[in-house]
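Number of protein chains: 2
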Amino acid sequence: MQVTRAGEYAIIGLLYLAKQPADRTIMIDEISEAEGVPKSFLAKIFQSLAKGGFVCSHRGAGGGFGLAKPTGEITVLQVLQCVEGAFALQRCVTDDPECVVSTTRMSNCTLCAVFTEAQNRVNEVFARTTIADLLHPKPQVAQPIKSAASLN
Amino acid sequence: MQVTRAGEYAIIGLLYLAKQPADRTIMIDEISEAEGVPKSFLAKIFQSLAKGGFVCSHRGAGGGFGLAKPTGEITVLQVLQCVEGAFALQRCVTDDPECVVSTTRMSNCTLCAVFTEAQNRVNEVFARTTIADLLHPKPQVAQPIKSAASLN
DNA sequence: ATAAACAAGACAATCTTACTCCTATTTGAT
DNA sequence: ATCAAATAGGAGTAAGATTGTCTTGTTTAT
């Protein structure tokens, strides 16, 4: 898996929408300028978000985007999967029949199992975090960041 | 972060060494053929593993590689960091001063915090899993794989 | 001395990322 | 009806990462 710019911009865009009055219709141009995100790219990303049902779009003059759901019902995992496709830490984790580890080595691969477990941990974090959580940070989300380096 | 072929091959290579008699010196050619991994690429990867102190290399005729540590003292995290460099789920997680999220938005970024938390979960899994664990799978490692899809 | 084996670095093909651009299509206002 | 504003969709592209290969050393056992 990798959280690319697309996923990052998607969440930033949704957060921007969430901070506006609910009835406002907001143009890509405004979000792009306000958040310093490339306009054309953001437009592409918002196409995905619209298809995914996270935002509703209004074309034509006076058009733009608005949130399609309450912020508490949009999880980070859903957004990332929407704009980046199914994202996996490693090939084993997906159903990819080309996975070298699983196909050429062992059908019951312990290495694949470890990758899958790690992937599940990531998914758990992203699945329990909503846009609302990012707007109104709670201590337990922001606080307990053990340094990755300390795990060496 | 992404677990690339390099990381995958490194672990596969170490597992192969671990399965051999401890006193044997094993050539890249043998590992490559046995495990179906490209030879030149594996040689490059083993250079890193040697520098990282995971294997010891012996040059010249009759040379090859052997494990430099007990399998229980080599964690997946260490190996991945050795061959892939510091691997991060997202730019925020590293100290990259170019991170768009943290620099242009908020110094105390909740989104970065979520990425970092997810990264820490991954690191925990990889840090507690050793080569020995992969050789002798215990139920709690192989078993509790909740489907990633079910977390949607 | 020679052949076997790793060490190191340059090089290359392919893929992914991170975009842009152009042409619709929709819509509100005149 | 027409025009301008806005998204929709698809094609295209430059840079960088991945996944290797190749060549030229250097070490070492015989």
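Chains as they are written, first to last, in this note's numbering: chain A, 892 to 1043; chain B, 892 to 1043.
All C-beta atoms, glycine included, are put in the ideal place defined by N, C-alpha and C.
Predicted, not measured: the structure shown is a model, and the values here were computed from it.
Nearest to residue i (by Cα), restricted to the options the options
| i | options | result |
| --- | --- | --- |
| cysteine 947 of chain B | B:Phe937, B:Ser939, B:Ala959 | B:Ala959 |
| cysteine 1000 of chain B | A:Asp1024, A:Arg1019, A:Ala977 | A:Asp1024 |
| phenylalanine 937 of chain B | B:Val894, B:Val970, B:Val1013 | B:Val970 |
| valine 1013 of chain B | B:Ala977, B:Leu1026, B:Ile903 | B:Ala977 |
| isoleucine 922 of chain B | B:Glu975, B:Gln972, B:Gly904, B:Glu964 | B:Gly904 |
| glutamate 926 of chain A | A:Glu899, A:Gly944, A:Ala913 | A:Glu899 |
| isoleucine 902 of chain B | A:Ala952, A:Cys1003, A:Pro961 | A:Cys1003 |
| isoleucine 919 of chain B | B:Arg950, B:Ala934, B:Ala979, B:His1027 | B:Ala934 |
| histidine 1027 of chain B | B:Ala913, B:Leu906, B:Glu924 | B:Leu906 |
| valine 928 of chain B | B:Gly953, B:Arg896, B:Asp914 | B:Arg896 |
| alanine 913 of chain A | A:Gln981, A:Glu924, A:Gly957 | A:Gly957 |
| glutamine 972 of chain B | B:Phe945, B:Gly951, B:Glu924 | B:Phe945 |
Supposed contact pair residue j and residue i - C-beta distance, whole angstroms, cut 8 Å
| i | j | result |
| --- | --- | --- |
| valine 967 of chain B | threonine 916 of chain B | The Cβ separation is near 24 Å, so there is no contact. |
| valine 894 of chain A | phenylalanine 1006 of chain B | 6 Å |
| serine 939 of chain A | valine 974 of chain A | 5 Å |
| histidine 949 of chain A | glycine 955 of chain A | 6 Å |
| threonine 962 of chain A | alanine 1009 of chain A | Not really, about 28 Å apart at Cβ, beyond 8 Å. |
Neighbour list for residue i in chain B, Cβ cutoff strictly below 8 Å
| i | result |
| --- | --- |
| leucine 836 of chain A | Lying before the first or after the last residue shown, residue 836 of chain A is absent from chain A, which here runs from 892 to 1043. |
Residue i, enclosing alpha helix (DSSP H) - first and last residue
| i | result |
| --- | --- |
| glycine 904 of chain A | 896-910 |
| leucine 980 of chain A | Here leucine 980 of chain A belongs to no alpha helix (DSSP H), and DSSP marks it neither H nor E. |
| phenylalanine 1017 of chain A | 1001-1018 |
| glutamine 969 of chain B | 967-975 |
| aspartate 1024 of chain B | 1022-1026 |
Where the beta strand (DSSP E) containing residue i begins and where it ends
| i | result |
| --- | --- |
| valine 928 of chain A | Unbroken run through valine 928 of chain A: none, as it is neither H nor E. |
| histidine 949 of chain A | 946-949 |
| glycine 957 of chain A | 955-958 |
(message) Any C-beta of chain A within less than 9 Å: which residues of the segment 957-981 of chain B qualify?
(response) Thr966, Val967, Leu968, Gln969, Gln972, Ala977, Ala979, Leu980, Gln981: these are the residues of the segment 957-981 of chain B whose beta carbon lies less than 9 Å from some beta carbon of chain A, given in chain order.
(request) Determine which residues of the segment 893-909 of chain A have a Cβ less than 9 Å from any Cβ of chain B, and write them out in chain order. (result) If the cut-off is 9 Å between Cβ atoms, the segment 893-909 of chain A has Gln893, Val894, Thr895, Arg896, Gly898, Glu899, Tyr900, Ile902, Ile903, Leu906 near chain B.
(message) To be precise: take each residue of the segment 1000-1022 of chain A, compare its Cβ to all Cβ atoms of chain B, and keep it if any distance is under 8 Å. Which residues remain?
(response) Cβ contacts with chain B come from Thr1001, Leu1002, Ala1004, Val1005, Phe1006, Thr1007, Glu1008, Ala1009, Gln1010, Asn1011, Arg1012, Val1013, Asn1014, Glu1015, Val1016, Phe1017, Ala1018, Thr1020.
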